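Q: Here it is, the structure, as structure tokens.
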Amino acid sequence: MTGQTIARRPNQLFRNLNAKIASIPMILTAVVIFLGGTLWTVVYSFTNSKLLPRLSFVGLDQYERLWAATRWTVSITNLAIYGVLTLIFSLVIGFLLAALMDQKIRFENTFRTIFLYPFALSFIVTGLVWQWILNPEFGIQSVVRALGWTSFTFDPLYNADIVIYGILIAGLWQGTGLVMCLMLAGLRGIDGEIWKAARVDGIPTWKTYLFIVIPMMRAVFVTTLVIIASGIVRVYDLVVAQTSGGPGIASEVPAKYVYDYMFQAQNLGQGFAASTMMLVTVAIIIVPWAYLEFGGKKRG
Amino acid sequence: MANPGSLAVTVAGADAMSDSLAGPRGRRPQRSLSGRNIMIYGTLAIAALYYLLPLYVMVVTSLKGMPEIRLGNIFAPPVEITFEPWAKAWASACTGLNCDGLSRGFWNSVRITIPSTVISIAIASINGYALANWRFKGSEIFFTILIVGAFIPYQVMIYPIVIVLREMGIYGTLTGLIIVHTIFGMPILTLLFRNYFVSLPEELFKAARIDGAGFWTIYLKIMLPMSLPIFVVAMILQITGIWNDFLFGVVFTRPEYYPMTVQLNNIVNSVQGVKEYNVNMAATILTGSVPLFVYFVSGRLFVRGIAAGAVKG
Amino acid sequence: MTLRIWTAIMAASVVLPLSAAKATDLEVTHWWTSGGEAAAVAEFAKAFDATGNKWIDGAIAGSGGTARPIMVSRITGGDPMGATQFNHGRQAEELVQAGLMRDLTDVATKEKWKEIIRPATLLDGCTIDGKIYCAPVNIHSWQWLWLSNDAFKKAGVEAPKNWDEFVAAAPALEKAGIVPLAIGGQAWQASGLFDVLVISLGGKDFYEKVYSAKDADTINGPDMARIFKAADDARRMSKGTNVQDWNQATNMVITGKAGGQIMGDWAQGEFQLAGKKAGTDYACLPGLGVNEYITTGGDAFYFPLLKDEAKSQAQAVLASTLLNPKTQVAFNLKKGSLPVRGDVDLNAANDCMKKGLDILAKGNVLKSTDELLSADIQKQKEDLFAEFFSSSMSPQDAQKRFASIIASAD
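Chain order of the listed sequences is A, B and C.
So in our numbering, the last spot in the first sequence is 300, and the numbers never skip.
So in our numbering, the last spot in the second sequence is 613, and the numbers never skip.
So in our numbering, the last spot in the third sequence is 1023, and the numbers never skip.
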């Protein structure tokens, strides 16, 4: 493409030269690390590399095995549940809290700090604390039982059917504060005149939020979505700290599958195949959207 | 009507609130019904409970002795307050043969976090600026790749990056680690900065161009002075991320640079007979204290920063 | 002038051996961070420091799964440590093939490792293409059932002498509020336990047919079904364990909250650290009291190829220190494992270790699954048994899936 451009307009390459020079780190990161690293991963996913990457191709073997593995199916199911619920809950809770915070309340600083502080803690810490609170022997269950309700059962981390929700509780605790802040920022950016106009027209508050304010907060939602969604896809530390994927394999997630097979099983090929599947899924969803969002539009 | 604030105080627990009791902001007119306020403050207070509970458990536990912890109730306040777990977590908890607790990694974390934060933000802000004001052919493609990159699990990139760093001859050095943090912070930061710079009035930029100012002049003289809020946001995100990082710190450096999280992991994961939960919790709070401090100090700027930047896309 | 040169040469020739003997820092990475493990590794460090060098400890907690990627990255990234722990077997094979590891044959020949290391198969695990690449430091065997005497007393039943009695005693334990069999939640524990059932209940030939010959008829056959039935019993007996780490499960046995645990001999380090005595406070049944065979997995140290001459020499010193009779005794007593050389004096060993030594002396020794199967197959096995022990998967289904995993082994 550049070649053609040069042929047509020789000075094209040198326009915005400074901007191009300044963008070299970004271009290098995008091309060498993200694109290059991804291609490298994809190529090696067709090999039977074990501890060290080796170019001995085995076709689609790794993929066939991947899709035959129960653990992989469990992992993606978990990610789907965790992802959808995280998206919904963190957006809803984040927005609701932000809307409440935006009512010119007292103690806004205190509330905001309370909601936001978990985000300062690492997932390892988050997982550890919630593992403890949810532990049936001395956490919430034992406290409620000590109060007299002896049949009370709340042991999400030890029940394979609901363990992913136990992780969700911790994940939301860590992440919704940031979403709330982003939303609050968005609400603060809305011109006060709009509220006045809506009130004059007699539009109920909830309708104003839903049909006027939220559409105006598009950019905030985009930023928030990218942050939440990338966190979801990469969820790993939280699960390791909270359950190590257990009980059994009930709370496994794809990123953990990738890591475990790359390093514990010393089967790089299998790990790369799994990560390629993750990337393909992400790419199918993200690329068209990102290109529309960031590529098509003109400035402003 | 009754002061709605006092209601919230009683519900949400007094100690967390007391610091801000000093300044109810008087500018707002009290138009609303108290029922509405009860709903608002009630909801916020319940939410606040959910967020505060773990912190409460962490603090309380870290102040108990092991015999007391074994008795059960994690929510009970300590009968006998002891600071021994804190001292142990900081100075004498063992990892293998090294028994000097978290103190070992604290300065390493500082040494890693400061340059990584500064460099990654500098680069990302320039990226965002170029993407917002100086688009060139292909810039959006690179940006799109970058955004997709935000979704790649870190673990997958370990080997390619080991290879790249090895070829550059900086594997195992602090420089290498800083580059890695810059790379992985880039997608989200660039997005933030780009959105921010797009939201600044275009007239400013045009006027400067007409005056003959170039890329760097506009960046340094016009954009930078206007971007304090977004820099604060970026700073908070990066400090949190880098300070809490374990994987990169341990894979891309050697032991003399190991950050505090490595010791945290070692304290939390190496079990000497019985898990010493009080030491674990103290270590947890100690490790988290730096980002927490940053949040407490600059939380207000955080919202303002995003408000300034992320609204118009 | 000539005098000066001569002095310089003299100085150099004096300095050279001196600098070799002078303290060289050698970084050693390992994942031994539990109480007993750390105490044991301190013995190595002490012995190595006594040679005039310095052991720089690079412990990474969280078991091999966390530590190994770090070690491998360091070695392939061109910034290797001085020495590193791996389980011997097939873990480091490729690093050796890639020429990244140091050949220890010279040290081994000088110190006559071939003669002193017992059983000889141990050194085979370190040998690739006729060259020796690692120093085995201990023998760990998985095939032990640890029993809490207190728990059985409390339940009012006789402490069992074998697996069947143990299973029979389970209801009484449960009635007394004691978990009969503690199994930690981590996947490797479930998988290891199953292998113990295979070797202890199935016997030597059966074990070899399954894991060495990978004989499909045996794996699908009725004897195997019996093992899976036993695994089903174990699963039922472990209800209510609710801990993750192996030593937390061991701690349940130490405190009498659980009747027993099937775990390798490293659990002994924890009993020792808690001040418990073999025979009085706890009992051990090698081979579950049925077939007294042990497998000889274990830990070994590998030495990455270093450019620094002084460090290479220190590596040789370390390798020979690790196998020094005195170090071997001190280390293994703390670790609860068996020494790799037969000529050391182990009077200090307790009842359980002596049982282990007897079995070793009788030659009832088999290769461990770490040596017979690749890490990849091991991992799949772990996934299967982690799922099995936490779900209601039927033994028949589990057997079918087990068969297909083993069938895919290379």
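Backbone N, C-alpha and C define an ideal beta-carbon position, used for all residues, glycine too.
Treat the numbers as computed from the prediction; the structure is a model and nothing was measured.
1) Looking only at its chain, what residues have a beta carbon closer than 6 Å to the beta carbon of Val144(A), apart from the 5 residues adjacent to it on each side?
2) Would the stretch 158–166 of chain A and the stretch 193–205 of chain A be scored as touching if the rule is three or more Cβ pairs under 8 Å?
3) Anything in the stretch 853–886 of chain C with a Cβ closer than 9 Å to a Cβ of chain A? List those residues in chain order, please.
4) Within the continuous alpha helix (DSSP H) that includes Glu706(C), where are the two ends?
5) Can at least three beta-carbon pairs, one atom from the stretch 786–797 of chain C and one from the stretch 864–881 of chain C, be found at a separation below 8 Å?
6) For chain B, find out if any of its Cβ atoms is closer than 8 Å to the Cβ of Trp801(C); answer yes or no.
7) Using DSSP with H/G/I as helix, E/B as strand and the rest coil, what is Glu771(C)?
8) Taking all protein chains shown into account, decide if Phe57(A) is buried (16 or more other Cβ within 10 angstroms of its Cβ) or exposed.
9) Determine the burial state of Thr41(A): buried for a count of at least 16 other Cβ atoms within 10 Å of its Cβ, exposed for fewer.
10) Distance cutoff 8 Å, beta carbons only. Does Ile683(C) sit that close to anything in chain B?
11) Pop quiz: Gln698(C) and Phe914(C) are said to be a contact at Cβ under 8 Å. What is the actual Cβ separation, rounded to whole angstroms?
12) To be precise: take each residue of the stretch 147–161 of chain A, compare its Cβ to all Cβ atoms of chain C, and keep it if any distance is under 7 Å. Which residues remain?
13) Just to confirm, is the Cβ distance from Trp434(B) to Asn16(A) under 8 Å?
14) Does DSSP put Met277(A) in a helix, a strand or coil?
15) Report the neighbours of Asn267(A) on chain C: residues whose CB is nearer than 7 Å to its CB, in chain order.
16) Below 8 Å on the Cβ atoms is my guess for Ile745(C) versus Ala721(C); work out the distance and round it to an integer in Å.
17) Opposite Pro899(C) in the DSSP bridges: which residues?
18) Taking buried to mean at least 16 other C-beta atoms within 10 Å of its own C-beta, is Leu55(A) buried or exposed?
19) Along the beta strand (DSSP E) that carries Phe699(C), what are the first and last residues, could you check?
20) What whole-angstrom Cβ distance do Ala674(C) and Thr587(B) have, given they're in contact under 8 Å?
21) Buried or exposed: where does Ile124(A) fall if 16 or more other Cβ atoms within 10 Å of its Cβ makes it buried?
22) Under 8 Å Cβ-Cβ, which residues of chain C neighbour Ser261(A)?
23) Given this structure, state the Cα-to-Cα distance separating Ile374(B) from Ala999(C), to the nearest angstrom.
24) How would you label Lys947(C), buried or exposed, when you count the other beta carbons within 10 angstroms and need 16 or more for buried?
25) In the DSSP assignment, find the alpha helix (DSSP H) that holds Phe998(C) and state where it starts and stops.
26) Tell me, please, whether the CB atom of Ala430(B) is closer than 8 Å to any CB atom in chain A?
27) Mark Cys747(C) as exposed unless 16 or more other C-beta atoms lie within 10 angstroms of its C-beta, in which case mark it buried.
28) Taking the alpha-carbon positions, what's the Gly428(B) to Gly37(A) distance?
29) In chain B, which residues lie with their C-beta within 7 Å of the C-beta of Lys20(A)?
30) One question on the structure: do Leu951(C) and Asn945(C) come within less than 8 Å of each other, judged by their Cβ atoms?
31) Pro559(B) and Gly405(B) look like a contact to me (Cβ under 8 Å); what is the Cβ gap, rounded to whole Å?
32) For the alpha helix (DSSP H) holding Trp859(C), just list the boundary residues, first then last.
33) Once the 5 residues before and after Ala274(A) are set aside, which same chain residues still bring their CB inside 7 Å of it?
34) Going along the chain, which residues of the stretch 118–139 of chain A sit with their C-beta nearer than 9 Å to a C-beta in chain B?
35) Lys667(C) bridges to which residues according to DSSP?
36) Measuring straight from C-alpha to C-alpha, what distance separates Pro288(A) and Met277(A)?
A: Checking against the coordinates, here is how it stands:
1) Phe152
2) no
3) Asn855, Gln857
4) 706–710
5) yes
6) no
7) coil
8) exposed
9) buried
10) yes
11) 6 Å
12) Tyr158, Ala160
13) yes
14) helix
15) Asp989
16) 4 Å
17) Trp757(C)
18) exposed
19) 696–700
20) With 8 Å as the limit, Ala674(C) and Thr587(B) do not qualify as a contact, their Cβ atoms being about 15 Å apart.
21) buried
22) Contrary to the premise, residue 261(A) reads as Tyr rather than Ser in this sequence. Within 8 Å Cβ-Cβ: Asp989, Lys992.
23) 29 Å
24) buried
25) 988–1003
26) yes
27) buried
28) 23 Å
29) Phe436
30) yes
31) 5 Å
32) 859–867
33) Leu66, Trp72, Pro254, Tyr257, Val258, Tyr261
34) Pro118, Phe119, Ala120, Leu121, Ser122, Phe123, Ile124, Val125, Thr126, Leu128, Val129, Trp130, Trp132, Ile133, Asn135, Glu137, Phe138, Gly139
35) Asp638(C)
36) 18 Å
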